[in-house]
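Numbering (the numbering used here), first residue to last: -7 to 134.
Heads up, the beta-carbon is just placed ideally off N, CA and C, and yes, glycines get one too.
Report on one structure; see the data block that follows.
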Amino acid sequence: MITKREQKTRIYHKPHNVINTILEFINNSGKRIDICVDYTRPSLTFDIVALKKAFVDAKERGIKLRYVTEITDENISYCKELITTINVELRHIDGIKGNFYVSENEYVAPASFHDKGKPASHIIYSNVKEIVEHQQYVFESF
-7 MITKREQKTR
3 IYHKPHNVIN
13 TILEFINNSG
23 KRIDICVDYT
33 RPSLTFDIVA
43 LKKAFVDAKE
53 RGIKLRYVTE
63 ITDENISYCK
73 ELITTINVEL
83 RHIDGIKGNF
93 YVSENEYVAP
103 ASFHDKGKPA
113 SHIIYSNVKE
123 IVEHQQYVFE
133 SF
């Protein structure tokens, strides 16, 4: 596990490493998780059982979850479930592209080019203060 003193940015490959990186990111969060994902990603929160459990556990720990995506006819049932099951604050932005999660101390960005319904094959992880602060600003600009 990377400590706060070891500021690093890394790229991980393979879907299982992507999922594990996101799970560790969620578990490391202490106050909030801000999520910006394209319209294909809300379904993965429920299709990947460990991911759903991690979000539910985070909410039970008092983590504030904010989620920005494009709400479509195709994903509206998952978006409703995000609100009712996990109790996220959900916002819609037409045509949003890219995927990233940012907390108070970490940033992860699953690759944008992926097969629908499957986890990304690459992810960027960073706990570098300047990168985290920049991504917090980007999320707040939504």
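Between the beta-carbon of residue 119 and that of residue 97 there is about 6 Å, and that keeps the pair under the 8 Å contact cut. Between the alpha carbons of residue 15 and residue 26 lies a distance of about 14 Å. Taking a cut-off of 8 Å on C-beta distances, the stretch 88 to 97 does not touch the stretch 68 to 78, as fewer than three cross pairs fall below it.
Three or more beta-carbon pairs separated by less than 8 Å link the stretch 29 to 48 to the stretch -3 to 15, which places the two stretches in contact.
Rounded to whole angstroms, residue 29 and residue 52 show a C-alpha spacing of 22 Å. Restricted to the stretch 50 to 95, the beta strand (DSSP E) segments that are unbroken, complete and at least 3 residues in length are 56 to 61, 81 to 84 and 92 to 95, listed in chain order.
Cβ contact annotation for residue 87 (same chain, cutoff 7 Å, sequence separation greater than five): 62, in chain order.
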